[in-house]
Structures are given as C-alpha cells and as structure tokens.
Amino acid sequence: MAFITRLSLRLGVVVLLGVALLFGAGIFAATQVQQDLLPDISVPAVIVITPYPGASPEIVDQQVSVPVVNAMQGVTGTDTVQSTSSQGASLVIVLFRDGTDLKSAEQDVNSALARIRQLLPPQATSSSVQTFSTNSLPILEYAISANEPLGDLAGQLRAQALPKLKGLSGVSSVVLTGAPTDEVDVTVDPVKLAAHGLTVTQVAAALQQASIVQSVGSLKQGSATIPLQVSGSLTSLDQIGKVTVTPPPGAPSGGKLAAPVIINQLGTVQVASIPADTITRTNGKPSIGLQIVKGPNTNTVTVAN
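Next up, the structure:
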C-alpha cells in the first residue's frame, strides 16, 4: 500500500489523467444506456388472430376457432391453448412451456396454420401470428378534447395527426381510443323487396359478391341486421347503391318474373356513426385517447422526445 501511495505521489499527473479518462468513459457509457419504462419481457405465448367478416360468434367458433385450437395442440412445447370467438374474428392464444424458443414456436404455429388452411372458410384464411412483449405497451398516452363533436375530432386526427406520428423514427403504431367510427348502412324497404321477389339475404349476398375485402357496416331490415363488407373497387355510396341484385330464376314479381334491380331501388345507402367501444374523459369532458407504441430496440426517451 505504501508503495502505491509513493508511486501515486511521484506520478500525480498520470494518476489525474487516468481518473479523468475513467470519469469521461463513465459519462459516455451512461449516455449510451437505453432508457425504458419497463424491461423488455417476452411472454412465452403466440397469439393467432383470424378475421372472418360477417360471421357470428357461433360460426366463428365452429368453423375457425375449433380447427385452429386442434392444430395448435399438436405444436411442440404447447402448454395451454385458449380461444375467444367474437363477431367476425377468432382469437387463439397458445401458451408455451418456460424456456421455449419463441421464434421457433412462431414458425411451428405458422406451419400448423398452413396445414389446416384448406379446412377454414375462404373468407377466414388470412390469420396473423404475433408474439407478446412489453414493447407492445404504449410509452405515451394523450387525452384530446375540443369544442366539436368527437366524430369530427377523430376524423381530423386520423387524417392529419396519425400519419405524421406514424412517420416518426422509432414509432411502431398509434392507436385511438374512445373515437367513434363511420360505417355504411344499407336500409332496405320490406315492401319493395317483396315487390321484386327478393329477400334481405339475397341483397346481402349480392353485396358480398362484389370482391369483398373488409367490413364496413350493416344491412338493415326492421330489427334484422346483417354485417356488410365492401370491396376495394367500391369507393363511394353511389357505387354501393348501384350494385345489382338478381332474383333467383323463376322468382315472381307482381304476377311476372322478377327482373334485376339495384340497391338504390330497394332502399337507402348512407354513412352512419358507430359509437366508440370505449369511453375516454378528461376532467369530466368527453375526449379521445391517443396511444403511441415504440418499435423494438428503440430508446423510450428518444422516441418520446
């Protein structure tokens, strides 16, 4: 110890320089450490989401959830398989035993889905497979309110704010909560349907034959409501109203065979607002929530700033 003391006194400048270098290296290292609200924790689970537009929960369960669950039970390392069937979508959560390689498990799940693809309805073959980690939790949440209807505010946010936020470096997704959305409602007159020898189911089928790709609204006749989808080629209410409905062969209409008609001859096509499935308030005033999720391997503070 005495030797180290004498050496330090004799080489004081060198010692001070070494201390300064260590101090500087410490500061540099501290600035390079990623800052997160939570550590990146991956849950040993794979989530399978399968849309089935227009299908009831019972049909989704029988035709989608059950086949997917049966396929997942044969995946190596599976511990528990849970499923939830709702209107138009199937959610299956595959829990794996601790220590399972999630990347390999995700590949096995995709392979299992590919094997049963032909068993699923044609409209329910676009399953998405996801894993869960704390990176999927929002790093920022805002409450936005204004002296205007929430529908108008939501439209402005979707058109102006969301594209800019999604374009920022490090941002994975931006989600609105408590925001109403618009849907297209087709309301048909039962008297006009009968006059043309048609049923509401045939009208729905005519709409669904127009290259359907996504759900947009519903078809209404009295208390009956049928979910609707619209194709990428149908971009306006006028185009939807001009979709032709062809009666089945031999269908009577006023004592003669029924002729094809368009939707506008049977009822109305209009945009309706769907209330939000969540309610957000700020200081007791209705508002819209905005959540920002960062991408993997990004610095929370940098993205937030």
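Residue numbers (this note's numbering): 40 to 344.
Glycine is no exception: its CB is placed at the ideal position from the N, C-alpha and C atoms.
- Compare the Cα-Cα distances from K333 to each of A153, L204, T117, L60 and report the closest residue. Measuring from the Cα of K333, the nearest candidate turns out to be L204.
- So with Cβ pairs under 8 Å, would you call T170 a contact of chain B? Chain labels in this structure do not include chain B; a single protein chain is all it has.
- Does the distance from the CB of V58 to the CB of V87 come in under 8 Å? Inclusion of V58 and V87 in the CB contact set at 8 Å is not warranted, their separation being larger than that value.
- Let me know the secondary structure DSSP gives K231 once reduced to three states. helix
- Query: Helix, strand or coil for P299 per DSSP?
  - Reply: coil
- Classification of G127 by the beta-carbon crowding that lies within 10 angstroms, buried from 16 upward: buried
- Beta-bridge partners of F62, as assigned by DSSP: DSSP, once it has assigned bridges, lists no residue as partnering F62.
- Tell me whether A243 is buried or exposed, calling it buried when 16 or more other Cβ atoms sit within 10 Å of its Cβ. buried
- Query: Can you give the Cα-Cα distance for S95 and I313, rounded to whole angstroms?
  - Reply: 19 Å
- Task: Can you grab the Cα-Cα spacing for the pair A343 / L179, in whole Å?
- Result: 7 Å
- Query: Given that a residue counts as buried once 16 or more other Cβ atoms are within 10 Å of its Cβ, and exposed if not, what is S262?
  - Reply: Interpretation of S262 is limited by its pLDDT of 45, a score under 50 that renders its predicted location unreliable; no figure is taken from the coordinates.
- Query: Could you give the uninterrupted runs of the beta strand (DSSP E) lying entirely in the region 68-148, keeping only those of 3 residues or more?
  - Reply: 81-90, 117-125, 128-135
- Query: Can you tell me the Cα-Cα spacing of G328 and P90, whole angstroms?
  - Reply: 25 Å
- Query: Just curious, the alpha helix (DSSP H) that Q199 is in, first and last residue?
  - Reply: Neither: Q199 is in no alpha helix (DSSP H) and is coded neither H nor E.
- Which residues bound the beta strand (DSSP E) around I183? First-last of the beta strand (DSSP E) with I183: 179-183.
- Between which two residues does the alpha helix (DSSP H) carrying G280 extend? Residue range 276-280 is occupied by the alpha helix (DSSP H) that includes G280.
- Span of the beta strand (DSSP E) around Q162: Element bounds for Q162: n/a, residue is neither H nor E.
- Item | Separation of T123 from Q350, as counted between CA atoms | Because the chain is modelled from 40 through 344, residue 350 falls outside the range shown and cannot be assessed.
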